[in-house]
Amino acid sequence: MDVTSAEEILSYLEMGNAQRHTARTKMNDHSSRSHAMLTLQLFQSCPDKKYVCHSKLCMVDLAGSECAAKTGNTGNKFQESVHINTGLLALGSVIRALCDPRRNRGDFYIPYRAAKITRLLRDSLGGTAHTVMIACVCPSKCSVLETCRVLNFARLRASVTQRRIQDLTVNMRMKEELIKELNKTGVIL
């Protein structure tokens, strides 16, 4: 969807949040039953009009991992927990692979296709992006194990190094002008 104002972005964000399913569990009265993702792509002409800069902002709210024994989930909620945990396990596998020093070899496999969330986050995880992670933890004694897991995950994610590059695309008008100039000189593309 094309948007031209912050108000439009907030409107779409509200629509998405309204469709996000929550349910009561033994651990949380309003437990998210899915991950949520908002991706903004910005295309900006550079001052000389020769290039278009492309930026992408991807914001993700990951649902927390769930232990069936602690949440008391059964039926549909249990199946939702399975889907949530499967995505989080795949995300952990991708991040561990990205931390592996062998990853720079051409034949090293990073399991981006293991889950939808890892496919969607591929650029943000191992591409050329600048990634920031905010980890939410609970200070309660009964959540020590979950808190330790979240902090270990955040530590692991922080150790992933990424190459940042500027994405510049040649302006189409500039491209057409170059092709005309080349055709005048007898060069064929």
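First residue of the sequence shown? That's 1 in UniProt numbering, and the numbers climb one at a time after it. Heads up, the beta-carbon is just placed ideally off N, CA and C, and yes, glycines get one too. Small disclaimer: the values here were computed from a predicted structure and weren't measured.
- Message: Check this for me: beta carbons of Ala97 and Pro111, under 8 Å apart or not?
- Response: Here the question's residue 97 lines up with position 97 in the sequence shown. Here the question's residue 111 lines up with position 111 in the sequence shown. Yes, the Cβ-Cβ distance between Ala97 and Pro111 is below 8 Å.
- Compute the Euclidean distance between the alpha carbons of Gln154 and Thr22, then round it to the nearest angstrom. Sequence index remark: in the sequence shown, residue 154 carries index 154 (1-based). Sequence index remark: in the sequence shown, residue 22 carries index 22 (1-based). This sequence places Ala at residue 154; Gln is not what is there. About 24 Å.
- In three-state DSSP terms, what is Met59? As a first step, residue 59 must be located in the sequence shown, where it is residue number 59. Correct three-state label for Met59: strand.
- Query: Are the segment 129-140 and the segment 100-116 touching by the rule of at least three beta carbon pairs closer than 8 Å?
  - Reply: no
- Query: Quick one: what's residue 195 bridged to in DSSP?
  - Reply: The first residue shown for the chain is 1 and the last is 189, placing residue 195 beyond what the model contains.
- Which of helix, strand or coil DSSP assigns to Ser5: The residue you call residue 5 lines up with position 5 of the sequence shown. Residue state, collapsed to three classes: coil.
- Item | Beta-bridge partners of Leu89, as assigned by DSSP | Reading the sequence shown from its first residue, position 89 is the one you call residue 89. The partner list for Leu89 (beta bridge, DSSP) is empty, contrary to what the question assumes.
- Query: In terms of residues, what are the limits of the alpha helix (DSSP H) holding Phe153?
  - Reply: Working through the sequence shown from its first residue, we reach residue 153 at position 153. Note, Phe153: alpha helix (DSSP H), Val144 to Ala158.
- Item | Sheet register partners of Cys67 (DSSP bridge) | Translated into positions along the sequence shown, residue 67 becomes position 67. Looking at the DSSP assignment, Cys67 forms no beta bridge with any residue, so it has no partner.
- Output the distance between the C-alpha atoms of Ser11 and Lys180, rounded to the nearest integer angstrom. Reading the sequence shown from its first residue, position 11 is the one you call residue 11. Reading the sequence shown from its first residue, position 180 is the one you call residue 180. Approximately 44 Å between the Cα atoms of the pair.
- Query: Who pairs with Thr118 in a beta bridge, going by DSSP?
  - Reply: Residue mapping note: residue 118 aligns to position 118 of the sequence shown, counting from 1. Paired residues: none, contrary to the question.
- Nearest CA to the CA of Ser34: which residue from Ala63, Asn85, Ala6 and Ser45? As a first step, residue 34 must be located in the sequence shown, where it is residue number 34. Ranking the options by Cα distance to Ser34, first place goes to Ala63.
- State buried or exposed for Leu13, treating a residue as buried only when at least 16 other CB atoms are found within 10 Å of its CB. As a first step, residue 13 must be located in the sequence shown, where it is residue number 13. Result: exposed.
- My guess is that Ala90 and Phe78 are in contact by the Cβ rule of under 8 Å, so how many angstroms apart are they, rounded? Locating residue 90 in the sequence shown gives position 90, counting from the first residue. Locating residue 78 in the sequence shown gives position 78, counting from the first residue. Actually they do not touch by this definition, with Cβ atoms about 19 Å apart.
- For Ser65, which residues of its own chain have a beta-carbon under 6 Å away from its beta-carbon, when the five flanking residues on both sides are left out? Taking the first residue of the sequence shown as position 1, residue 65 is located at position 65. So the list reads Asn85 and Leu88, once near-sequence residues are dropped.
- Message: Assuming contact is defined by CB atoms lying nearer than 8 Å, are Ile95 and Leu57 in contact in what I supplied?
- Response: On the sequence shown, residue 95 is found 95 positions in, with the first residue counted as 1. On the sequence shown, residue 57 is found 57 positions in, with the first residue counted as 1. Result no, Cβ atoms of Ile95 and Leu57 do not sit closer than 8 Å.
- Task: Return helix, strand or coil for Val82, following the three-state DSSP convention.
- Result: The residue labelled residue 82 in the question sits at position 82 within the sequence shown. Here Val82 sits in helix by DSSP.
- Query: Can you tell me the Cα-Cα spacing of Arg122 and Arg149, whole angstroms?
  - Reply: Reading the sequence shown from its first residue, position 122 is the one you call residue 122. Reading the sequence shown from its first residue, position 149 is the one you call residue 149. Arg122 and Arg149: Cα-Cα distance of roughly 22 Å.
- Helix, strand or coil: which one does DSSP assign to Gln162? Here residue 162 corresponds to residue number 162 of the sequence shown, with the count starting at 1. Of the three classes helix, strand and coil, the one that applies to Gln162 here is coil, per DSSP.
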